[in-house]
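The block underneath contains the structure these notes are about, expressed in structure tokens.
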Amino acid sequence: MSSIITWSTYIVVFGALGVLALRDRAKARQAVKVAVKSFFGMLPIMLAFIGLIGLLLGLVSPEIIVRYLGQEAGWWATITAFVLGVVLYIASLVSIPLAASLLRAGASMTTVAAFITGLMMVNTLTLPLEIKHLGKKMALSRNFLNLLFAFAIAIVIGMVL
Amino acid sequence: MKPNLPQQMSGNAPQDKPVRKTLRQWLFDYRLALIVAVADLLIWIFWPAQAAPVIRNTWDYLVEMVVILIPVAVLMGLFEVWVPKQLIGKYLGHESGWKGILLALLFGSAPTGPLYVAFPIAAMLLKKGASPLNVIILLNAWAAIKIPQLLIEANFLGPSFMLVRLALTVPSAILMGWLIQKGIEHTGGLDIDPAGSESIS
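In the order they appear, the protein sequences are chains A and B.
The first sequence lines up with residues 35 to 195 when you count with the working numbering.
The second sequence lines up with residues 60 to 260 when you count with the working numbering.
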């Protein structure tokens, strides 16, 4: 599914650039200039971020997480799951099945919810990137508030379900 | 492949720039990437059994990043020259009200790329006059309430899990946006230069 989305993004974006080029040559050239500039502007920190994810996920494999959190119990498990969710970066295509296997391995609903909300809502690894684009004020307050809300939401899910 | 990549990339970057960056500046720009590359190298030397999954993961994410970053960069270029400021101001600005909030939620939850793609887009929207409230909602929605992700969630963790989480996350996302907007207003505005955010280097 994701490759279809990727291809359609390419078609739409480059199609739009083509239309712009037909209508206004100078503006299209300007757009390409901004595109090249922003690509190489984003690249250094993106490479660092990607490298860090590769490193973390290579060292902390999903099996290790499931084995560890399946054995733990009570509040300690919930807090560990939340902290893991907060510091790791795992695409939801991988993290949601992983959460399901946590549930099967015996983790509580609160623990699974804490893992999911921590992963999705608090974006620690991308924080340097976010600060660079949006400033410290916005990036730090957004992640801090999300940290509080993520934990609260996990607790409520655990109570409701 | 990791250690020599930054150099490769730096080789063809400065074409459009009038002043060529010095090697020192390149090293500074890529310092974090270089640190990670050195860490990878150390793992490869001293802990070769762990190196294979690290390299495989890094490569997978690297390909994904480059594939997604190209259309995002082009999109930003198009945005810059094509979309008038008044348009963004009208639909996502301070006066946009509930319609702006709804639009930010929809835009954020549409099937789009990973979160790191959203930051340059969010910066662009801020620069074009979107309110912090709507930008925060967009980012929060992008991170936690993507539609394809909700479908996977309902499938693996059950529809009730997905619905309860969704029902809690949407108001939280809006509330956070409101709080942050108030905070920014009370502390003297954003700490980025809105005019200069397109030259993100």
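Glycine is no exception: its CB is placed at the ideal position from the N, C-alpha and C atoms.
Quick caveat: nothing in here was measured; it's all calculated off a predicted structure.
Cβ neighbour criterion (16 or more within 10 Å) applied to residue i
{"i": "residue 132 (chain B)", "result": "buried"}
{"i": "residue 184 (chain A)", "result": "buried"}
{"i": "residue 101 (chain A)", "result": "exposed"}
{"i": "residue 176 (chain A)", "result": "buried"}
{"i": "residue 224 (chain B)", "result": "buried"}
{"i": "residue 214 (chain B)", "result": "exposed"}
{"i": "residue 65 (chain B)", "result": "Confidence at residue 65 (chain B) is low in this model, with a pLDDT of 42, below 50, so the placement of that residue is unreliable and no value is reported for it."}
{"i": "residue 155 (chain A)", "result": "buried"}
{"i": "residue 82 (chain B)", "result": "exposed"}
{"i": "residue 111 (chain B)", "result": "exposed"}
{"i": "residue 95 (chain A)", "result": "exposed"}
{"i": "residue 85 (chain B)", "result": "buried"}
{"i": "residue 246 (chain B)", "result": "exposed"}
{"i": "residue 226 (chain B)", "result": "exposed"}
Anticipated Cβ contact below 8 Å, residue i with residue j, distance rounded
{"i": "residue 114 (chain A)", "j": "residue 144 (chain A)", "result": "About 12 Å; that fails the 8 Å criterion."}
{"i": "residue 179 (chain B)", "j": "residue 205 (chain B)", "result": "Not confirmed; about 18 Å, so no contact."}
{"i": "residue 69 (chain A)", "j": "residue 221 (chain B)", "result": "Actually they are not in contact, since the Cβ atoms of residue 69 (chain A) and residue 221 (chain B) sit about 36 Å apart, beyond 8 Å."}
Contact check, residue i vs residue j, beta carbons under 9 Å
{"i": "residue 114 (chain B)", "j": "residue 92 (chain A)", "result": "yes"}
{"i": "residue 124 (chain A)", "j": "residue 153 (chain A)", "result": "yes"}
{"i": "residue 343 (chain B)", "j": "residue 159 (chain B)", "result": "A question about residue 343 (chain B) goes unanswered here, because the residues of chain B that appear run from 60 up to 260."}
{"i": "residue 141 (chain B)", "j": "residue 71 (chain A)", "result": "no"}
{"i": "residue 161 (chain B)", "j": "residue 187 (chain B)", "result": "no"}
{"i": "residue 242 (chain B)", "j": "residue 171 (chain A)", "result": "yes"}
{"i": "residue 189 (chain B)", "j": "residue 151 (chain B)", "result": "yes"}
{"i": "residue 157 (chain A)", "j": "residue 232 (chain B)", "result": "no"}
{"i": "residue 228 (chain B)", "j": "residue 187 (chain A)", "result": "yes"}
{"i": "residue 103 (chain A)", "j": "residue 99 (chain B)", "result": "no"}
{"i": "residue 159 (chain A)", "j": "residue 235 (chain B)", "result": "no"}
{"i": "residue 196 (chain B)", "j": "residue 172 (chain B)", "result": "no"}
{"i": "residue 85 (chain A)", "j": "residue 96 (chain B)", "result": "yes"}
{"i": "residue 28 (chain A)", "j": "residue 77 (chain A)", "result": "Any property of residue 28 (chain A) remains undetermined from this structure, which presents chain A solely from 35 to 195."}
{"i": "residue 126 (chain A)", "j": "residue 212 (chain B)", "result": "yes"}
Chain-ordered neighbours of residue i on chain A, where CB pairs are closer than 8 Å
{"i": "residue 195 (chain B)", "result": "172, 176"}
{"i": "residue 117 (chain B)", "result": "84, 85, 87, 88, 89, 92"}
{"i": "residue 266 (chain B)", "result": "Absent from the structure is residue 266 (chain B), since the part of chain B shown begins at 60 and ends at 260."}
{"i": "residue 264 (chain B)", "result": "There is no way to answer for residue 264 (chain B), as the model of chain B reaches only from 60 to 260."}
{"i": "residue 107 (chain B)", "result": "Residues of chain A passing the Cβ test: none, with the nearest at roughly 12 Å."}
Proximal chain B residues relative to residue i, where beta-carbon distance stays under 9 Å
{"i": "residue 195 (chain A)", "result": "217, 219, 220, 223"}
Contacts of residue i in chain B (Cβ-Cβ under 7 Å)
{"i": "residue 44 (chain A)", "result": "130"}
Chain-ordered chain B contacts of residue i [CB-CB under 8 Å]
{"i": "residue 160 (chain A)", "result": "174, 175, 178"}
{"i": "residue 103 (chain A)", "result": "Simply none; closest approach about 15 Å."}
{"i": "residue 120 (chain A)", "result": "Neighbours of residue 120 (chain A) on chain B: none; closest Cβ ~12 Å, over 8 Å."}
{"i": "residue 169 (chain A)", "result": "249, 250, 251"}
{"i": "residue 47 (chain A)", "result": "130, 133, 134, 137"}
Partner residues on chain A for residue i, Cβ-Cβ distance less than 7 Å
{"i": "residue 112 (chain B)", "result": "92, 95"}
Partners in chain E for residue i, counting only beta-carbon separations shorter than 8 Å
{"i": "residue 96 (chain B)", "result": "No chain E appears in the structure shown, which is made up of the protein chains A and B."}
- Query: Can you give, in chain order, each stretch of the alpha helix (DSSP H) that sits fully within the stretch 72 to 140 of chain A and has at least 4 residues?
  - Reply: If we require 4 residues or more, the alpha helix (DSSP H) runs fully inside the stretch 72 to 140 of chain A come out as 96 to 105, 108 to 121, 126 to 138.
- Taking only runs that begin and end inside the stretch 120 to 175 of chain B, name each unbroken alpha helix (DSSP H) of 4 or more residues, in chain order. Listed in chain order, the complete alpha helix (DSSP H) runs (minimum 4 residues) inside the stretch 120 to 175 of chain B are 144 to 151, 156 to 168.
- Task: Could you name each continuous alpha helix (DSSP H) segment of 4 residues or more that falls completely within the stretch 141 to 189 of chain A, going from the start of the chain to the end?
- Result: Counting only runs of 4 or more residues that sit fully inside the stretch 141 to 189 of chain A, the alpha helix (DSSP H) segments are 143 to 155, in chain order.
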